[in-house]
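Residue numbers (UniProt numbering): 1 to 266.
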């Protein structure tokens with residue numbers, strides 16, 4: 001049969017070249033359209049797509065690791081500008097809200113991830129060292145372990161494969177010392193440096209929204225109290241004093257948005 005059929009290794013067709021170079025592909029009528037059924041843009045993978053948001057092919061970024069929950073319902077309006085993945089991948093699905101909030105999910109075919117809350121709790125460094133002053137009220141996990149006597153004496157032949165724990169006697173660095181040492185922000189939820197609380201990967205999207213809304217409510221309450229104090233000021237005030245600037249709700253929301261984006265105290 002091989003003698004009858006001619007070799008086709010050196011043959012190439014124009015349609016293959018046109019598909020690779022995206023010849024004939026029309027741009028999108030407007031940006032933000034759903035391109036979940038389209039192929040991946042080869043020019044974007046090379047970093048040289050001139051059509052940007054109007055490209056009819058998908059622009060996939062390697063830093064997107066979680067599937068967009070709004071895209072799953074067909075409600076995402078960001079398109080390629082979305083910071084989440086627009087691809088149905090079961091291993092990269094977002095966390096289930098009901099399971100993370102109520103520790104139960106009645107949907108037997110739930111597509112979201114059910115992550116055990118205990119797996120998010122870190123081991124207490126003080127308890128691993130020998131003593132934790134918070135006791136059973138500590139927010140970290142207290143795990144009882146058996147110390148390796150050989151490691152305490154000075155050497156353990158099993159090394160990291162030892163079934164007993166190799167105790168560490170160095171004190172954990174406090175949050176203040178870590179901030180002064182690295183000069184970075186520290187998350188008040190997981191005590192990790194390098195991100196703020198509303199960017200914490202250990203929190204769910206709902207918890208981050210609650211943290212942001214709580215901070216906005218505090219700013220609006222402060223503005224409301226200041227506005228009430230201005231109305232209760234006596235009329236015999238000094239006319240030469242500097243007038244107090246009254247801020248509108250739009251200004252408060254703008255300041256709140258700037259605060260959430262730039263303040264490291266959140």
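Glycine residues also receive a C-beta, built at the ideal position from the N, C-alpha and C atoms.
Here the structure is a predicted model, which is why all the values come from computation and not from measurement.
Can you give me the C-alpha to C-alpha distance between residue i and residue j, rounded to a whole angstrom?
i	j	result
residue 154	residue 165	14 Å
residue 243	residue 27	With a pLDDT of 43 at residue 243, under the threshold of 50, the modelled position of that residue is not reliable, and no figure is offered here.
residue 245	residue 223	With a pLDDT of 41 at residue 245, under the threshold of 50, the predicted position of this residue should be treated as unreliable, though the coordinate-derived value follows. Roughly 11 Å separates the two Cα atoms.
residue 9	residue 90	38 Å
residue 24	residue 65	32 Å
residue 158	residue 125	23 Å
residue 152	residue 131	17 Å
residue 145	residue 160	15 Å
residue 189	residue 21	48 Å
residue 51	residue 58	11 Å
residue 217	residue 195	22 Å
residue 212	residue 220	12 Å
residue 138	residue 76	40 Å
residue 201	residue 7	55 Å
residue 271	residue 187	Residue 271 lies beyond the residue range present for the chain, which begins at 1 and ends at 266; the question has no answer from this structure.
residue 214	residue 163	45 Å
residue 133	residue 192	21 Å
residue 143	residue 210	31 Å
residue 13	residue 73	40 Å
Beta-carbon separation of residue i and residue j under 8 Å?
i	j	result
residue 113	residue 96	yes
residue 53	residue 81	yes
residue 168	residue 128	yes
residue 141	residue 121	yes
residue 41	residue 55	yes
residue 93	residue 111	yes
residue 79	residue 31	yes
Going by DSSP, which residues form a beta bridge with residue i?
i	result
residue 165	147
residue 95	113
residue 272	A question about residue 272 goes unanswered here, because the residues of the chain that appear run from 1 up to 266.
residue 267	Shown here, the chain extends from 1 to 266; a query on residue 267 therefore has no answer.
residue 58	40
Open item on the list: I want to know whether the stretch 201–218 touches the stretch 87–106 - three or more CB-CB distances under 8 Å.
Closed with: The stretch 201–218 vs the stretch 87–106: in contact.
TODO: Please go through the stretch 10–39 and give each complete alpha helix (DSSP H) segment of 4 or more residues, from N-terminal end onward.
DONE: The qualifying runs are 14–20.
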